[in-house]
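For the sequence shown, position 21 (counting from the first letter as 1) is numbered 37 according to my numbering, and the numbering increases by one without interruption. Cβ coordinates follow ideal geometry from the N, Cα and C atoms, glycine included. Taking it in order: structure first as structure tokens, then the write-up.
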Amino acid sequence: MTCGCQKDAETASTEIVIQTMKILADQIKETAEAVSRKSIYDMLTTLLTAKEKGNAVFVVGAGRSGLVGRAFAMRLMHMGFNAYVIGETVTPAVRENDVVVAISGSGNTKYVVEVCKKCKRVGAPVISLTSKDESELKELPSLNVVLPAKCKDDASGGSAKTPMGTSFEILALVFLDSVIMQLIELTGVTEDEMKARHANTE
17 MTCGCQKDAE
27 TASTEIVIQT
37 MKILADQIKE
47 TAEAVSRKSI
57 YDMLTTLLTA
67 KEKGNAVFVV
77 GAGRSGLVGR
87 AFAMRLMHMG
97 FNAYVIGETV
107 TPAVRENDVV
117 VAISGSGNTK
127 YVVEVCKKCK
137 RVGAPVISLT
147 SKDESELKEL
157 PSLNVVLPAK
167 CKDDASGGSA
177 KTPMGTSFEI
187 LALVFLDSVI
197 MQLIELTGVT
207 EDEMKARHAN
217 TE
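As structure tokens, this is what we get:
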């Protein structure tokens, strides 16, 4: 029989998880109100133009931001975009008028910044996704989308429930999935078409 103190501990732990989910949901709502509508429209237009003209879309990010980028590239591929993740051995060269989507909470991630500099030199427009209005990355892109959130490089003092950039990474994932939803609407691609492009060797 479970003792009362164990039940209390289980209840407390469960409530902490639920409360953290609510905190994250509130952060998503706040960011949805704060993000620039024009930057969203410009991002959608840039991606659609790339698809229409047969240009590729490259995604770059480091660490967990890189994982968010991979998820975005996967959905773009499902939609019929020529989508690639920079750093993979099978990724082709970035060409003029290809589009690069760079994800960095701080906007100062050295690897991401250096990649974007090279891409700009070959004439590829860069869309950056950051949590900062001022950063190294913002100076490079053709378009900067700011998702206000705590990132890994911020000074301590934020919520321990969302440590080391968790807030930005979750916001970036939700934002990019929302972009995908609108791209689906605008292109008219069907779920069956997307499923047909999904890997069949899993």
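Short Cβ contact (7 Å threshold) for residue i with residue j
| i | j | result |
| --- | --- | --- |
| Lys142 | Pro164 | As written in the sequence, residue 142 is Val, which differs from the Lys given in the question. No. Outside cutoff. |
| Val117 | Val101 | no |
| Glu112 | Val84 | no |
| Ala140 | Val110 | yes |
| Val73 | Leu60 | no |
| Phe184 | Ser147 | yes |
| Ser81 | Ile32 | no |
| Gly99 | Ala89 | The displayed chain sequence assigns Ala, not Gly, to residue 99. Their beta carbons are under 7 Å apart, which means Ala99 touches Ala89 by this criterion. |
| Met210 | His94 | yes |
Among the options, nearest to residue i - alpha-carbon criterion
| i | options | result |
| --- | --- | --- |
| Val2 | Leu145, Gly139 and Ala188 | Absent from the structure is residue 2, since the part of the chain shown begins at 17 and ends at 218. |
| Leu159 | Thr105, Ala188, Ser55 and Val195 | Ser55 |
| Ala212 | Gly121, Gly123 and Gly96 | Gly96 |
| Ser121 | Lys154, Val131, Met197 and Val106 | The question names Ser, but residue 121 in the sequence shown is Gly. Nearest option by C-alpha distance: Lys154. |
| Ile186 | Val205, Ala87 and Glu209 | Ala87 |
| Thr47 | Val190, His94 and Gln198 | Val190 |
| Val51 | Glu201, Ala188 and Thr203 | Ala188 |
| Thr62 | Ile44, Val161, Gln43 and Gly204 | Val161 |
| Thr182 | Gln43, Thr30, Ala215 and Thr203 | Gln43 |
Under the three-state DSSP convention, the category residue i falls into
| i | result |
| --- | --- |
| Leu199 | helix |
| Val129 | helix |
| Ser194 | helix |
| Gly77 | strand |
| Ser144 | strand |
| Leu92 | helix |
Exposure of residue i, with buried meaning 16 or more beta-carbon neighbours within 10 Å
| i | result |
| --- | --- |
| Gly173 | Residue placement at Gly173 is poorly supported in this model, since its pLDDT is 47, which falls under 50; the coordinates still yield a value, given next. That one is exposed. |
| Asp149 | exposed |
| Val106 | exposed |
| Asp193 | exposed |
| Thr27 | exposed |
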